[in-house]
Amino acid sequence: MDLNGVSKIVSALELIHSPKTSNTDRQEAQSFLEQVKRQEESPLWGYELALPSQSAIVRHFGLTLLQNSINREWSNYDQEKKLAIRSWIIDLSMKLLPEDPHFLKEKLAFLWVAVAKRCWGSFVEKYEDKLATSQKLVEGWATMDKDLLGLFKASSHTRELSLIIFRTLFEDVYILDDSITSKRSQVLNSMCTNVVLPDTLLNSIYEPNVNLQESKATKEGWLLIWQELLNESIRNGDERSMIKILETLKTCLNWPYSSLLNQAQILKTFLDAILVSNIRVKILTVDCLHILFTRSFNEEIDLEQIVGSIFKPEGIQLLGTIYSSIQNDPDDIDDELYAFTKKFTEMVVGLSEHLTKISTDSSDIGKYLELVLSTTTSPSLTISSISLNFWGYMLRDDAKIAIIEKIIPDLLEVAASKLVNYSDFNEDHISQKFLAVDFNSQAETYSFLGNYKKLIDDIIRLIACVKADMGLLWLNNRLESFFSSELGNQVINSAKLDHHGEPFILGISQLDITESCVRGIVRWKIYYNKANYNEKLDQLLIQVEELAQKLLNVELKDPVLLKRLGQMYVQFTPLLKEHMIFKVIEKLLTLSTFEYPSNGTEEETSLVKDLRTSCGTELNRIAFLMPESFKNILDDLEQVIENLLPRLTPTEAVTFKAFLLVVSQRASVPNKDERFIKVVEPEIAAWTNPDTMKGLSELQWFMERLGIVQIADYFKTRNISPGADLLKTPMDEQGLKLKSDLKERWSTIFPIRTTRLLLQYSIEKLPHDTPEFKNLLRLWRPRVIPIIPHILQLLYQIQAYHNPANWTDLPEVVQSFVRDTTVERFWQMGVSIQTRDSFLEESEKAMNTLRDFADSVGHIVRYTREYVFLSIASICELEDTFYTIPGIADLFWRAATGEKVGITLHSWKHMINVSLRAVIKKCPPTNVDDFMSQLLPQMFNTLDELLINKWEKVYISGMNFDENDDQLSEEMMEEHLLRQVTQVTIRLLVDCVGQYGYKNPLTPTQKAIRKLVFNNMQVLGSFLNFVCHLIMFKDSRSSFNVLLIVRSLITEIIMKNDEVDNFLCEYLTKSLIFVLTDDFYREAQNEAAYVLTVLYINLRGRSQYISTVLKNYLPNATDVHIQKYEQGLAESKNLKEQRNALLDLIQQVKDEDHDDEKFKKDRNKQLEMITKKKKNESDMMNDPFVENGALGNLFGDE
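With the first letter of the sequence shown counted as 1, position 89 gets the number 89 in the UniProt record's numbering; the numbers rise by one all the way through.
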């Protein structure tokens, strides 16, 4: 390139990098550089621009030109051009300067590897038995190892480059799912093994191969060379070299023969390295040790020499010394030191997989277990959590219990000290300080803490099971000690504890520990299988009864503690005799009528209400667990509850009625029908009450029943004008009286909650083939069918209430008030800017103003709607009761979405998750054709329209909104909710048709719906249109999961209907290309490639249309690109290789982003995802905001 050309490029680069450049000039400069990239001479220009005589920015652009030519044009070049590019890269590598920035070395390494992946060793597969021709050896870069050795020896900075090259190569070949290397994986594996291992080992394992020998530059192989260099660097204190060598060694410890690692005594080298003070060296070394200890071993002697030696007393002592020397200051956490602590702990715990393989004679297993337990005690819960699965794993196997037997008492103490609600602690608590560093949002923290508590609970439960006598004795002593302490006295005597204070948190902890132990004893009944089972059981039950009696005598005063105590009592019941169960019932009945505080605050009243409600729920849990226990006293219970009802609110009373219903229908008592009618009929009759019917008939009467007219009249007396800020207007005595009257009315405004609770409690978890369920179905069916239209009409009126178009005839002040009632005010983890406490404080202040009217009306409306959703879900449990009503699909959809204008994303989420998913999942297969053919097209179309509109608003607001705090919070909340709605919608689709790789087999209903989708063009059309849009929404997780759905059914759809094939060809291909060419969707791109590959292979066999469509949708694609892609498909041996051929095509033609930092970040993220072993596999669509809603499960998680 002449000086004028270089000058133009330099000028263009300066314009792009200057902050003063205008957008127009920057775009022109970028356009010019893009033109340069497309020139045939660009590789040569790249080489010339990358020479050391140029500035770093120009050299980087030169390397980018070479990168562009390799990625896009390599397959189009002849051998002469390929060899020229290769020689230029070698030359540039040798000309590297000591002062060259690291990014140039990284770029050169990627270029070197990009070429190596495409040609290195190409002669091996073609010439197995004889030496390849000199030309083939040149084409296959037989001298690459020699070239790398030259780099290694030339200077310290080129040596560093050689290490980066090897590291990058091994990552691509052995770790990443790289589309180029996967096509040549066998050859590249052979070449890497050949140059890394010494000749002596290779000759003892493999038959000699002259071509491999020809392509190797050393006899000892690189691993031994790097190890010796590492030893030398440790001796010389050369920390920079240590870091570079360890980075490379880390990528090649998992695949060489273990005998090499053993003979080379590489463990000793790493143990020397981990003692170096440099924290980066320590982190890399512990990574290497973790890989070394958890890899597979070819021979037992290698395992014993490497892993066995670390279990010897001196090895464990060294690990213990290192761990105890680590000092993480919670007030000034050093990120690198903290990362090292986590990695070191993972390495230590990772050793545990060899506990049963190593020699016990020379191993100090006891000290090892003490070391693991010391990590469990860490105040950092992320460090503590690393060992929890290990302890649970050991406690589940009798053979393994023997290994940890001596440490079990200490483990129980540690676990008990950790069974704490850490989220209740203030921010200055030591564990909270570590959590603040570990997680970016409160949502992540809460999710982690939930899992942490489950694992700790599991350890206590398992210990109580396998060591029942010891566990109960320990628990008794612990409770005695706690409740007799000063802290325990505070817990017992205080009626209102600080819920962020130590007494409350530790008080709750004791009850949690007790429950865990009791559940362990329940498990013991299944676990214990020795001859003295009955004798042992009797002894344990006596101890359990004594403990239960002590706890029944505990007199706590704080309502939250009492609520937890009531829940704990119920856990004892499977182990208690009838007289003790009745004492538990008596205690729960007492707590369920706990007196409301006189002149108490709203918060205090609410806590007592929660206590009373919870105890009612626990009564039903006991009835559900052991109905037979009550059959002889059912009449007495009826009388007791009859006497209690006057002291209960209508809301509370229904729980007790449900208790009687559950016992009467599940216990072997006479007169089941009469008892059912006595409880259920009065509640069902409320639906035909004239006031109820009038309130459902029209929106104006619905509003009147809510009390809107009375509130409006009161507002007139207060001279409230339309649009007034109700938060600034205090409540007066008249307002307080009106609010009290309305609250009493709202408790029975519509019989929806009563209907739902009675129905759900009565059938909860009853198998459908039992006589009890069949009898309940017979009783419920004729009573439910007549009220379904009323329930749907209630839902319709609630949705209509939220539609502003329906308010136009109302007075302005009423319109303004109704608008205020429809505002959803809630706090959400990780999204709301204000803290939860400040949100609650603001809400409490609002209770003393007129805004409380709006909040209260809004709450009762939304609460009622939630119970409608739940009621529909419960009705769907009654087999075909719901589905056989004529036209029910249209009636249901009209009620749910006929007035959809005012439905918020929050409500959409609940409607889909609670109601719509149940309607889909519970539909009997025999009703699918009729019901689903009516419902699915309008459901898919409505949800499609909703999500398209909402995502469009997010795209616009994301670009345009002014980021002040209030608006940002609103925008964040909206986007976060939209993602939740999108994700729960995808769960709905999975409910319909399943998903590729889903852990559960397809249900009969899913099979029936799939058959309907495949054969009904109206359903299929709306479904395909919907998924094509879902794939492209800016949520990579959702896109990934939709693609799994499409992958599960694509072969069932194609090649059966020309119109469908054309749609898939045009619209599905467009969506897939959209994902494949945008790196935002990187996590979903492999699945998109699989789907498009299957689509292309099938449709290409019929016509050329899909190849034309593919070329049109891909940027920069030519006929040559498509031809070479199809050639690659033909040469591929399996679907994965065919997918990789498509990914190669995408890589060649898509507009490249040459942001090296972004590229490196994405690459590191992939490496982290692949190399990090996930300790707990969870549902890929699990979301704490979507599943297990508070109202969705009567008894919580069982």
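For each residue, glycine too, the CB sits at the ideal point set by N, CA and C. On a predicted model such as this, the values are computed, not experimentally measured, just so you know.
Supposed contact pair residue j and residue i - C-beta distance, whole angstroms, cut 8 Å
i       : j       : result
LEU411  : ILE459  : 7 Å
THR1069 : PRO1115 : About 14 Å; that fails the 8 Å criterion.
SER324  : GLY315  : 15 Å between Cβ atoms; not a contact.
SER933  : LEU1012 : 6 Å
Distance, residue j Cα to residue i Cα
i            : j       : result
SER185       : GLU232  : 34 Å
GLU106       : SER179  : 20 Å
SER1132      : SER93   : 34 Å
PHE594       : LEU611  : 8 Å
TYR1090      : ASP438  : 35 Å
residue 1209 : ARG1139 : This structure cannot speak to residue 1209, because the chain is shown only from 1 to 1198.
PRO101       : ALA56   : 8 Å
THR897       : PRO937  : 14 Å
GLY858       : ALA464  : 47 Å
LEU319       : THR345  : 10 Å
LEU978       : LEU369  : 47 Å
MET703       : SER592  : 33 Å
LEU511       : LEU373  : 24 Å
LEU794       : VAL868  : 8 Å
GLU879       : ASP673  : 20 Å
LEU1002      : LEU943  : 24 Å
MET1032      : SER69   : 30 Å
THR133       : SER1103 : 42 Å
LEU108       : ALA50   : 10 Å
ILE791       : SER856  : 22 Å
SER431       : PRO379  : 5 Å
Reduced DSSP secondary structure (H/G/I, E/B, other) of residue i
i       : result
LEU924  : Inspection of the sequence shows that residue 924 is occupied by Pro rather than by Leu. DSSP places PRO924 in coil when its eight states are reduced to three.
ARG979  : helix
ILE730  : It is Pro, not Ile, that sits at residue 730 in the sequence shown. If DSSP states are grouped into helix, strand and coil, PRO730 belongs with the strands.
THR1005 : helix
THR849  : strand
LYS20   : coil
GLN1104 : coil
HIS499  : coil
LYS953  : helix
6 Å Cβ shell around residue i - same chain, five flanking residues per side excluded
i            : result
TYR761       : ASN620, ALA658, VAL662
ARG295       : ASN254
VAL901       : ASN803
GLN995       : LEU1044, ILE1045, SER1048
THR377       : VAL414
residue 1201 : A query on residue 1201 cannot be resolved here, the shown segment of the chain reaching from 1 to 1198 and no further.
Own chain, CB closer than 8 Å to residue i, minus 5 neighbours either side, in chain order
i      : result
LEU645 : ALA653, PHE656
LEU197 : GLY221, LEU223, PRO256, TYR257, LEU260
VAL544 : LEU472, VAL518, ILE521, PHE572, LEU575, LEU576
SER494 : PRO503, LYS557, ASP558
VAL36  : ILE9, SER42, TRP45, LEU65
Residue i: first and last residue of the uninterrupted alpha helix (DSSP H) it sits in
i       : result
ASN643  : 634 to 644
SER1036 : 1036 to 1053
MET347  : 335 to 350
LEU229  : 222 to 236
SER485  : First-last for SER485: undefined, no H or E at that position.
GLU515  : 502 to 527
THR375  : 365 to 376
VAL679  : 672 to 685
ALA399  : 398 to 404
Any non-hydrogen atom of the ligand COA within 8 Å of residue i CB
i      : result
ALA415 : Inclusion of the ligand COA in the displayed structure is not the case, the ligand content being empty and no account of it being possible.
Residues near residue i by beta carbon distance below 7 Å, same chain, minus five either side
i      : result
ASP172 : VAL113, LYS117, ASP178, THR181
LEU625 : THR573, PRO574
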